[in-house]
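Student: Structure below; questions to follow.
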Amino acid sequence: MTLMQWMTLIVLFCWPVLWHLASPLAIMLARKLPEGRRMALMQFAEMSTRRVEQTAKNLPNDAKKQLALTIVISLFKAFHVPLPPDDILETAIESAVSLLPKTNEPVQTSE
Numbered sequence: 001m002t003l004m005q006w007m008t009l010i011v012l013f014c015w016p017v018l019w020h021l022a023s024p025l026a027i028m029l030a031r032k033l034p035e036g037r038r039m040a041l042m043q044f045a046e047m048s049t050r051r052v053e054q055t056a057k058n059l060p061n062d063a064k065k066q067l068a069l070t071i072v073i074s075l076f077k078a079f080h081v082p083l084p085p086d087d088i089l090e091t092a093i094e095s096a097v098s099l100l101p102k103t104n105e106p107v108q109t110s111e
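This is the structure in structure tokens:
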């Protein structure tokens, strides 16, 4: 085989296979980058605070915060995203709590 035939073989047959094998690796690496971690932190903090507010309304605030932290940590582990430091997790939880709708505010309906 000539060099041109080898190049054609590689491009036509091997490249698509290599591309599909590399795609999951690229997704995994993107999750580990700061931007992916930041987006995951925002989503996980919001999810955990909403869940705690729905399921454990009668708990004291410190217990709610600890429960939300536990949920966030388990989500990071489940999705294999590197865990940020504890102080960043606590800040994300507190800011997600401040974004929750207040219970004494009237519910707005679209008309």
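Take 1 as the starting number for the sequence shown in the working numbering and just add one per residue. By construction, the Cβ of each residue, glycine as well, lies at the ideal position given by its N, Cα and C atoms.
Among R37, K57, P60, P16, which has the Cα closest to the Cα of P72?
Tutor: Taking the sequence shown and counting its residues from 1, one reaches residue 72 at position 72. It is Val, not Pro, that sits at residue 72 in the sequence shown. Of R37, K57, P60, P16, the residue nearest in Cα terms is R37.
Student: In whole angstroms, give me the CA-to-CA distance for F13 and I27.
Tutor: As a working mapping, residue 13 is identified with position 13 in the sequence shown. As a working mapping, residue 27 is identified with position 27 in the sequence shown. The straight-line gap from Cα to Cα measures roughly 23 Å.
Student: Note the first and the last residue of the continuous alpha helix (DSSP H) segment covering K64.
Tutor: Start at 1 with the first residue of the sequence shown, and residue 64 comes out as number 64. Start and end: 61-78.
Student: Under a three-way DSSP split, which group does Q5 fall into?
Tutor: Looking up residue 5 in the sequence shown gives position 5. In the structure shown, Q5 sits in a helix (DSSP, three-state: H, G or I).
Student: Quick check on this structure: which residue in F79, F76, A68 has the alpha carbon closest to the alpha carbon of S95?
Tutor: The residue given as residue 95 occupies position 95 in the sequence shown. The candidate whose alpha carbon is nearest that of S95 is A68.
Student: Could you tell me if S48 is buried or exposed, where buried requires 16 or more neighbouring beta carbons within 10 angstroms of its beta carbon?
Tutor: Working through the sequence shown from its first residue, we reach residue 48 at position 48. S48 is buried by the Cβ-count criterion.
Student: Let me confirm a value: A22 is counted as buried when at least 16 other C-beta atoms fall within 10 Å, else exposed. Which label applies?
Tutor: Walking along the sequence shown from the start, residue 22 turns up at place 22. Counting Cβ neighbours within 10 Å, A22 comes out exposed, since fewer than 16 surround it.
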